[in-house]
Amino acid sequence: MPELPEVETLCRQLRPEIVGAEIVATRVIDSKLGGIRGLKGRTVKGVTRYGKALEMELEGGGSLVLHLRMTGRLLWHKGNGMLPWNNRKGMLPWHNGNGMLPHTRLVISFPHGKISLIDPRRFATATVHRKGNCISLGSDPFNGFDPSHLWTIAQQCTLPVKSFLMDQRRIAGIGNIYACEILYQARMDPWRRINGLSPDDWAAIGQAAQEILTRAIACRGTSVSDWRDLFGNAGEHQNYLLVYGREGTGCYRCGGRIERRKLSGRGTYYCPTCQNHEGG
DNA sequence: CCCTATGTTCCCAA
DNA sequence: CTTGGGAACATAGG
């Protein structure tokens, strides 16, 4: 669920809370996450985003990389970080009997608070890296987005432009919602083959991506379903969506009917009337 | 029962 | 080798 703006929101909210703080305990509730070891006693040096992945860098090398996949959330609980997990004083008003929210999969404790990973569908991953990070991703729309480079690598590729935008090895951080929004903003048909795009088309995509994603970050993400920020608050960007979820309603630009079709199995919202540009 | 879901990975076919 | 499609993962909601 969380795409670039949602993960960026978590990074920005986490930094003031945990940078410089020592991890005093970790607890894995869902063994599907695998072993999370060697974090106790380590101090968080920084929090960084790579596409949709969030990395907590540790002093002395190494890091913890979290990927929230479809339904993962992080929630900060202020205080009580060193209390026993089932201590009544540490319970939240909506705990499920053991002091934790339902679907809590991992807890990372600091002296002054703790982070819960909450994930109903259990697709989220957490991995400890000994040195640096092992993330292999493309550049993201804010960092190293090079229209002429994209044009070059797109020349021998016939993918629909939406599939290309969502390929994390090419461009990191864009998922289904923002791919729909960016292509609408760029007036581009999601099914358009990328080997037909000009350098100007790529520049337009890059600009649309920065506009859409910047606004979404300022809104602390899109809460169309269950996305919440680090403090449990809904984002605001669902109030500014241009096409996603608008099937059957009128296009804000031309009044045409917004359609929804599947592209590689994903619901794709678009305006057939004004997202049909060929060339620049 | 059906379908849908903000993501990634694996398998398989062309 | 590439690409593209579908299923799988596991769960909730309509």
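Going by this note's numbering, the first sequence opens with residue 2, and the numbers climb by one from there.
Every residue gets a Cβ at the ideal spot worked out from N, C-alpha and C, and that includes glycine.
All of these numbers come straight from a predicted model, not from anything done at the bench.
Looking at the backbone, the Cα of residue 32 and that of residue 124 are separated by about 12 angstroms. Distance from residue 122 to residue 30 at the Cβ level is roughly 15 angstroms; contact not present, criterion being Cβ atoms closer than 8 angstroms.
The C-alpha of residue 189 lies about 26 angstroms from the C-alpha of residue 71.
Sorting 199, 242, 218 and 241 by C-alpha distance to the C-alpha of residue 6 places 218 at the top.
Residue 141 sits buried, since 16 or more C-beta atoms from the chains shown fall within 10 Å of its C-beta. The beta-carbon distance between residue 195 and residue 158, rounded to whole angstroms, is 6 angstroms. This is short enough to meet the 8 angstroms contact definition.
For the pair residue 249 and residue 262, the CB atoms are not nearer than the 8 angstroms cut-off. Under DSSP, residue 51 shares a beta bridge with 54. Beyond the five residues adjoining it in sequence on each side, residue 27 comes within less than 6 angstroms, by CB distance, of 37, 40 and 109 in the same chain, given in chain order. With a beta-carbon spacing of about 12 angstroms, residue 182 and residue 253 fall beyond the 8 angstroms limit used to define contacts. By the neighbour-count criterion, in which a residue is buried when 16 or more other Cβ atoms sit within 10 angstroms of its Cβ, residue 19 is buried. Taking C-alpha positions only, residue 203 is separated from residue 162 by approximately 10 angstroms.
In this structure, the alpha-carbon of residue 184 lies about 30 angstroms from that of residue 233. For residue 149, the uninterrupted alpha helix (DSSP H) segment begins and ends at 148-155. Residues of the same chain with a CB within less than 6 angstroms of the CB of residue 220, apart from the 5 flanking positions on each side, are 236, 237 and 238 in chain order.
Bridge partners of residue 141 according to DSSP: 144.
With contacts defined by Cβ atoms closer than 8 angstroms, residue 132 and residue 62 form a contacting pair. Short of 7 angstroms from the beta carbon of residue 77, and not among the five residues preceding or following it, lie these beta carbons of its own chain, in chain order: 18, 114, 116, 231 and 232. As the crow flies, the alpha-carbon of residue 104 is around 33 angstroms from that of residue 210.
Residue 50 places its beta carbon 8 angstroms or farther from that of residue 177.
Here the alpha carbons of residue 143 and residue 247 stand approximately 27 angstroms from one another.
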